[in-house]
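**Q**
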Amino acid sequence: MPVPWESLVPFGLLIAMFGVAGTGLRTSRMWQNDWKQPRYSIDKWDDMMMNRDNKLTGSPRGQTSDPTPPPGWNNIYYDRK
Amino acid sequence: MAESSAPVPVVANDPLPPLQELGATSAPLKSAAYFIGDQCKEFNEDFMLCKNENRDPAHCLAEGRKVTRCAADVLNKLRAACVQEFEAHWNCLEWNNQYYYACRKEERPLNACAFTKLGYKKEIPGSPEGKTPIHLIERPYFKRQQK
Chain D
11 MPVPWESLVP FGLLIAMFGV AGTGLRTSRM WQNDWKQPRY SIDKWDDMMM NRDNKLTGSP
71 RGQTSDPTPP PGWNNIYYDR K
Chain Z
127 MAESSAPVPV VANDPLPPLQ ELGATSAPLK SAAYFIGDQC KEFNEDFMLC KNENRDPAHC
187 LAEGRKVTRC AADVLNKLRA ACVQEFEAHW NCLEWNNQYY YACRKEERPL NACAFTKLGY
247 KKEIPGSPEG KTPIHLIERP YFKRQQK
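Chains as they are written, first to last, in our numbering: chain D, 11 to 91; chain Z, 127 to 273.
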């Protein structure tokens, strides 16, 4: 008996469409976050720290463990004044 | 932004020379947090009590200076002695929304290295007496993979 492969085409379409859409969305989100998983449940502390990271490295997800900051840099608190 | 290599003074009339603020970002700080807390306990407590009296930035310059110096010292020592484990741990934190529970596998070698080479111990203040602290439980309930 020949297998009715035409009836599986819609399933394949659905899988492909969802797959492409989901992968595209994930790739776009990762690209926005320096190819790291995006942050979620960001509270005001995390927002403040990401802002500080942005000032230190140029990107909210950039990280450096060097205690010496770039020249002429001082803490975000004083920027308000 | 001034491009000089000297630290910029922040508060006018600071009697001491300007201090370079801490340039480490959030993930390495979170990774080293308990070591900084262990080593710099007295300085941190002094600073907090001083701030409790008066929130004016000019009031607590000396204590703040000690806090910054101590934290920078801990970070430098960690980077000198345990750089691989340290980088692995904070990279894992960055991947996992900076949650500690997701990075226990990287945390154990970091704690071991910090203890053997530097004598730093991770202790969670306020953890319940008589029970194993959460970071020492061998097979924790809450893991990366949800049950």
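All residues carry an ideal CB built from backbone N, CA and C; glycine is no exception. Only a predicted model underlies this, so the values are computations on that prediction, with no experimental measurement involved.
Taking only beta-carbon positions, decide if Leu201/Z is within less than 7 Å of chain D.
**A** Yes, contact with chain D.
**Q** Is there a Cβ from chain D that is less than 7 Å from the Cβ of Glu147/Z?
**A** yes
**Q** Roughly how many angstroms separate the alpha carbons of Trp216/Z and Asn178/Z, rounded to a whole number?
**A** 32 Å
**Q** Using only CA atoms, which one of Lys192/Z, Asp182/Z, Asp199/Z lies nearest to Glu171/Z?
**A** Lys192/Z
**Q** So, with DSSP's three-state summary, where would you put Met11/D?
**A** coil
**Q** Using the beta-carbon count (16 or more within 10 Å), is Glu232/Z buried or exposed?
**A** buried
**Q** Is Ile25/D helix, strand or coil when you go by DSSP?
**A** helix
**Q** Is Asp57/D close to chain Z, meaning its C-beta is less than 7 Å from at least one C-beta of that chain?
**A** no
**Q** By how many angstroms is the C-alpha of His261/Z removed from the C-alpha of Arg71/D?
**A** If you draw a straight line from the Cα of Arg71/D to the Cα of His261/Z, it comes to about 26 Å.
**Q** Run through DSSP, which three-state label would Leu145/Z get?
**A** When secondary structure is reduced to three states using DSSP, Leu145/Z falls in the coil class, being assigned neither helix nor strand.
**Q** May I have the straight-line CA-CA distance separating Ile25/D from Trp221/Z, to the nearest angstrom?
**A** 28 Å
**Q** Determine the burial state of Ile250/Z: buried for a count of at least 16 other Cβ atoms within 10 Å of its Cβ, exposed for fewer.
**A** exposed
**Q** Answer with buried or exposed for Leu201/Z, where buried requires no fewer than 16 other C-beta atoms within 10 angstroms of its C-beta.
**A** buried
**Q** Only counting the same chain, and skipping five residues up and downstream in sequence, which positions put a Cβ closer than 8 Å to that of Asp63/D?
**A** A distance below 8 Å between beta-carbons, with the five flanking residues on each side excluded, links Asp63/D to the following residues of its chain, in chain order: Ser69, Pro70, Arg71, Gly72, Gln73.
**Q** Given a cut-off of 7 Å on the beta-carbon distance, is the pair Lys203/Z and Leu236/Z in contact?
**A** no
**Q** Count the other CB atoms, across all protein chains shown, that sit within 10 Å of the CB of Ser130/Z; report buried if there are 16 or more and exposed otherwise.
**A** Note that Ser130/Z scores 47 on pLDDT, short of 50, meaning its location in the model is unreliable; the coordinates nonetheless yield the value given after this. By the neighbour-count rule (16 or more Cβ atoms within 10 Å), Ser130/Z is not buried but exposed.
**Q** Please list the terminal residues of the continuous alpha helix (DSSP H) segment that includes Pro96/D.
**A** The requested residue 96/D is not part of the displayed model; chain D covers only 11 to 91.
**Q** Rounded to whole angstroms, what is the Cα-Cα separation between Pro77/D and Ala214/Z?
**A** 18 Å
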